[in-house]
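Last residue of the sequence shown? That's 182 in the UniProt record's numbering, and every number before it is there in order. The structure appears right after this line, and notes come after that.
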Amino acid sequence: MAHIGALPKIHRYITAHNDEGKAIFSTKFDEESKMKANDDGIAFALSYTTKGFPVSLDKNEDLKVYERYLNDAPGLVVSGGTVLRHVDIPPATACAMHRTVSLDYGAVLEGEVELLLDSGEKRLMKRGDVAIQRGTMHQWINHSETEWTRMLFVLQESKPLKIGNETFEENLAGMAGVRSSD
């Protein structure tokens, strides 16, 4: 499955300050957020990460955190931080049913995608729709035979979900190219 050129390049602009405190655009990173395809064809771009609350912007500490994760990619979630990730899903492709220990905002930027829950409930999400994922087992499915789907996710670690006497931990179900969260 060719990904090159299927969707527009992602440009993300990181702001900073000059020595006088005026707002500028940071030149520390390339402005193109690079997509990397996994074995199943689903491509991820790590567009930004943070660690710690509240985030420290002093002396570009947040930029140093992001740089570290660019060199050693995190799992889906960063412990004590946030992740901004773009995800491209090829036509006729589904990711594995999975759960993260996080609160996720997932917005459809291009195409359509079905959000399937382990209960069997589902929603067809279109451009501009957003899902608030609250530690549920779920799957993203692109049913189109020709069109790609692009999503934007913001993930924040959560406490493990407890229902009755059961605690629900991360379950990545062998997702291609995805490692456990740190």
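The beta carbon of each residue, even a glycine, is placed where N, CA and C say it ideally should be. Remember, it's a predicted structure, so these values are computed and weren't measured experimentally.
Identified DSSP bridge partners for E61: Answer is none; E61 lacks a bridge partner.
Close Cβ partners of L7 (< 8 Å) along its chain, the five nearest in sequence each way excluded: D88, E110, W148, R150
Residue of E166, L124, E32, G135 minimising C-alpha distance to L76: G135
Classification of G52 by the beta-carbon crowding that lies within 10 angstroms, buried from 16 upward: exposed
Coarse secondary structure for Y66, derived from DSSP in three states: helix
Bridge partners - D104, DSSP secondary structure assignment: Q133, L155
Under the three-state DSSP convention, the category N142 falls into: strand
Pairwise C-alpha distance: E31 and I10: 8 Å
Three-pair Cβ contact test at 8 Å for the region 36-48 versus the region 79-99: yes
Coarse secondary structure for N18, derived from DSSP in three states: coil
Exposure label - L155; buried when at least 16 CB within 10 Å: buried
Straight-line Cα distance separating E121 from Q139: 11 Å
For I24: DSSP bridge partner residues: A16
The region 113-131 contacting the region 157-166, beta-carbon criterion three pairs below 8 Å: no
Buried or exposed by the 16-neighbour rule on C-beta atoms within 10 Å, applied to residue 253: In the structure as shown, the chain starts at 1 and stops at 182, and residue 253 therefore has no counterpart that could be examined.
Beta-carbon proximity of Y105 to V130, cut-off 8 Å: yes
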